[in-house]
Amino acid sequence: MIATGATVVDKMFGALAPIALDELVERAGLLTRMDRKYLLPAAGLPAVLARLPADVRVLDIEARRRFTYRSAYFDTPGLDSYLGAARPRRRRFKLRVRSYLDSDLHFFEVKTRGARGTTVKQRFPYAGDDDRLGPETQLLALDTLTDAGIRADGFRFHLALTTHYERTTLFIPSTGSRVTIDQQLAWTLPRGATLRAPDRVIVETKSSRTTSPVDRLLWSLGHRPSPISKYATGLAALRPDLPANRWCPVLRRHFTTDTEESRP
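Offset between the sequence shown (1-based) and the working numbering: plus 1330.
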């Protein structure tokens, strides 16, 4: 996003009523939820923010309202997680270490699919290497996947992709739903290339219901949900050798930014 646009968006976030992290978790933890993602031009974000419900609140921690995230995604050598999303399979999964860089907090997260397409996320405090899962975490991943009905015997997980972005989280009191807005998106392969998309934002609605007021707002502005996964779509954009039919329209429309080689 250009500097002027970023300033406008930050001022709009600054005008919203705040909510503290403890209250947000209590009122909208939503570890089992219905997710919808929307990939927007960054220039279209102010129009969305200007029409938010009047009661919306923004996560505020020590006067900060935009937070830097790093997610390290892990997959098998055969990319079972990626292929489960690409095909798509009912029993798919996602493993990541989510790092909140501003507060130096880290969690190991396992995401699976529940009934009626809901997302089930289990998270565990994590103090290991962000780019390598130790034996205990490998075993925790296998046990969690098995409990979710996923056959994971013999799986070993290795770093497949990292993402960086800046996130702002909104809370809609009338429905108990959340909205996350991710900016300054970047994807990096292990010892490989980096893809940056500063002119795009990802808006994700997270609700226990099938739709939220923000879904309806986005639809009214002509935005429709995108079959985008930060992990799978980013990996497909950086690795054209992988099957990616599910994301071809998204890749053609939104992932035309330059790729740069990472420096060791």
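Heads up, the beta-carbon is just placed ideally off N, CA and C, and yes, glycines get one too.
Open item on the list: Quick check on this structure: which residue in L1547, A1523 and K1536 has the alpha carbon closest to the alpha carbon of L1565?
Closed with: Sorting L1547, A1523 and K1536 by C-alpha distance to the C-alpha of L1565 places A1523 at the top.
- [ ] Can you have a look at V1427 and say buried or exposed, based on whether 16 or more other CB atoms are within 10 angstroms of its CB?
- [x] By the beta-carbon neighbour count (other beta carbons within 10 angstroms, threshold 16), V1427 is buried.
Open item on the list: With distance defined between alpha-carbon atoms, name the residue in F1404, T1541, M1342 and R1366 nearest to T1510.
Closed with: Looking at the Cα atoms, R1366 is the closest of the given residues.
Task: Reference K1560; option with closest CA among P1573, V1531 and W1549 - done: It is V1531.
Open item on the list: Below 8 Å on the Cβ atoms is my contact criterion, and I expect L1463 with F1404 to pass it. Report the Cβ-Cβ distance as a whole number of Å.
Closed with: About 6 Å separates the two Cβ atoms, so the contact holds.
Task: beta strand (DSSP E) runs contained entirely in the stretch 1347–1422, provided each spans 3 or more residues - done: With a minimum length of 3 residues, the continuous beta strand (DSSP E) runs that stay inside the stretch 1347–1422 are 1347–1349, 1362–1371, 1387–1389 and 1397–1405.
TODO: Spell out a yes or no on whether the stretch 1413–1427 and the stretch 1368–1387 are touching, meaning 3 or more CB-CB pairs, one atom from each, closer than 8 Å.
DONE: Cβ pair count under 8 Å is below three, so no.
TODO: Put T1337 into one of helix, strand or coil per three-state DSSP.
DONE: In the displayed model, T1337 falls within a helix according to three-state DSSP.
Task: Minimum C-alpha distance to G1484 - residue among T1449, S1507, L1491 and G1408 - done: Taking G1484 as reference, the option from T1449, S1507, L1491 and G1408 with the minimal CA-CA separation is G1408.
Open item on the list: For a test of the three-state rule: what should DSSP assign to F1437, helix, strand or coil?
Closed with: Here F1437 sits in strand by DSSP.
Open item on the list: Just to confirm, is the Cβ distance from S1550 to S1507 under 8 Å?
Closed with: At the C-beta level, S1550 and S1507 stay beyond 8 Å of one another.
Open item on the list: Comparing C-alpha positions only, which one of F1397, L1370, M1364 and V1355 sits nearest to F1343?
Closed with: It is F1397 whose Cα lies nearest to the Cα of F1343.
TODO: Determine the DSSP secondary structure at D1512, reduced to helix, strand or coil.
DONE: Three-state DSSP puts D1512 in a strand.
Task: Where S1507 sits in the DSSP three-state scheme - done: Under the three-state reduction of DSSP output, S1507 falls in the strand class.
TODO: Can you give me the Cβ contacts of L1346 inside the same chain, cut-off strictly under 7 Å, excluding the 5 residues immediately before and after it?
DONE: Around L1346, the same chain offers V1386, R1387 and V1388 as residues with beta carbons nearer than 7 Å, after the five sequence neighbours per side are excluded.
- [ ] Select from L1354, M1364, D1545 and L1572 the residue whose C-alpha is nearest the C-alpha of T1448.
- [x] Taking T1448 as reference, the option from L1354, M1364, D1545 and L1572 with the minimal CA-CA separation is M1364.
- [ ] Let me know the secondary structure DSSP gives R1497 once reduced to three states.
- [x] DSSP places R1497 in strand when its eight states are reduced to three.
Open item on the list: Which residue marks the beginning of the alpha helix (DSSP H) containing R1530, and which one marks its end?
Closed with: For R1530, there is no enclosing alpha helix (DSSP H); the enclosing beta strand (DSSP E) covers residues R1530 to S1537.
TODO: Name the residue from T1535, H1494 and E1534 whose alpha carbon lies nearest to the alpha carbon of P1528.
DONE: Comparing Cα positions, the closest option is H1494.
Open item on the list: Could you pull the DSSP bridge partners for P1455 from this structure?
Closed with: Answer is F1437.
TODO: Would you kindly work out how many angstroms separate the C-alpha atoms of W1577 and P1557, rounded to a whole number?
DONE: Each residue's Cα considered, the two are about 7 Å apart.
- [ ] Work out the CA separation of H1553 and A1482 for me, nearest whole Å.
- [x] Distance between the alpha carbons of A1482 and H1553 is about 37 Å.
TODO: State yes or no: is the C-beta of A1350 within less than 8 Å of the C-beta of A1562?
DONE: Going by C-beta atoms, A1350 is not nearer than 8 Å to A1562.
Task: Alpha-carbon spacing of E1392 relative to L1515, whole angstroms - done: Straight-line measurement puts the Cα of L1515 at about 24 Å from the Cα of E1392.
TODO: Locate the alpha helix (DSSP H) running through T1563, then write down its first and last residues.
DONE: Segment K1560 to L1568, the alpha helix (DSSP H) holding T1563.
Task: Alpha carbon of A1402 to alpha carbon of D1434, nearest angstrom - done: Taking the straight line from one Cα to the other gives about 15 Å.
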